[in-house]
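Worksheet: the structure to be examined is printed underneath.
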Amino acid sequence: MEPELVHKSMFGDCKALSNYLRILLAAVGIESFYTEISTTNRDLFSDFPNTQRSNHAILMVPQERDSLWIECTNAFYPLGYIHQDISGHQAVIVSKDGGKLVRLPEAVDKKHRIQDSISVKINPDFSANIEIKSIRKMFESEHFLGFDQRASNEQTDFIREYIKLNHADISNYKVLYKREKEPSAEIKVSFKTNQYGNKTANRLFGPVNPTKIEFSIPESNTERVNPIKIGFTHNQTIITEFLIPDNIEIESVPKNIVYSNKFGSLVFNIEVGTKKITARIIININRGFYSKDDYNEFVKILKDIDNAYNSVICLKKK
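When you read off a place in the sequence shown, starting at 1, and then add 4, the result is the number in the numbering used here.
Structural data, given as structure tokens:
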């Protein structure tokens, strides 16, 4: 697609937009290079030309110490931010001297984090007033790109999906995406719900993590054929504080869990006060390749995480 047509139509795919920006930069004396990369394949074939291996185009601007990588198809990304789909991937720079195979930089895994602070105020009728404060950094913030550009009803639907309670009475929400070198998103949501947990006439079985992430656990399989690949790290801390009214007492709480293996670690801790329960879940999953012989260990840590996510406190009316 010719740059004149991109300018006229204000539209273009990744190839057209990358080439368009390259020409604009050249007009003001800034050198840049069209670059092909894959959003699905981390590695390209260095010894075998293959036009099917890459599926995306970006722009590289050489700097004195490093290179500036520009994603031209998403204006919400901070300038030079290397997003999850291309981080650490090999790419081909189309230079004056021909194609050059390079690998894009990637941030250390610990920079991609989620930190959730949740307050659950239990009411005498077992309804709940819940406040969520979440900070998501780097890759974990990308889900909230462009939130402020959504229509009001789309924002509300997005928040309902986020809190996993479709009929909650949302009183307030705020999402702040910080377009910095290391971007982050701050989310605050306040709502009331009659859907919290499962109820009987006198008891409430309330989840310790009201906004749990859903994931499936594969079956244990001692006959696994292929090695295990974990493509992305996951680091999350969830602190949930339950405030309990005078007419309700604490009947039971889950057991603490501490477990770690080569795939990651889990700490699940419950602290009980007079009218307060504090639950802490700390999860770290390590990316990498692992032997098929370690498959059952992988399933074990996933089951422990799922148990922590699905744990409940039991409250009883006096």
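All C-beta atoms in this analysis are idealised placements derived from N, C-alpha and C, irrespective of residue type, glycine included.
Of the candidates Lys304, Asn251, Ile243, Ile243 places its Cα closest to the Cα of Glu135. One thing to note: Asn273 has its Cβ within 7 Å of the Cβ of Arg284. For Tyr181, there is no enclosing alpha helix (DSSP H); the enclosing beta strand (DSSP E) has its first and last residue at 173–182. Straight across, the Cα-Cα distance linking Asp113 with Ile281 is about 31 Å.
Per DSSP, the unbroken beta strand (DSSP E) holding Pro211 starts and ends at 207–211. A contact is defined here as three or more CB-CB pairs under 8 Å, and the region 87–105 meets this definition with respect to the region 56–69. Contact annotation, Gln199 with Leu180: C-beta distance approximately 27 Å; criterion of less than 8 Å not satisfied. Segment contact: the region 247–263 against the region 309–319, three or more CB-CB distances shorter than 8 Å; contact assigned. Shortest Cα-Cα distance from Gly150 to any of Gly268, Phe80, Thr204, Gln88 involves Phe80.
For Ser188 and Glu110, the gap between their C-alpha atoms comes out near 16 Å. For Tyr299, no pairing in a beta bridge is given by DSSP. In terms of CA proximity to Asp161, Val193 leads the group Ser138, Lys182, Val193. Taken atom to atom, the span from the alpha-carbon of Lys137 to that of Arg228 is near 41 Å. When Lys266, Glu301, Ile139, Asp129 are compared, the shortest CA-CA separation from Pro249 is found for Asp129.
Per the coordinates, the alpha-carbon of Glu6 lies some 29 Å from the alpha-carbon of Gln153. Fully contained in the region 98–159 are the following beta strand (DSSP E) runs of length 3 or more, in chain order: 102–107, 118–126, 132–141. If you look at Ala61, you'll find it in the beta strand (DSSP E) that goes 60–66.
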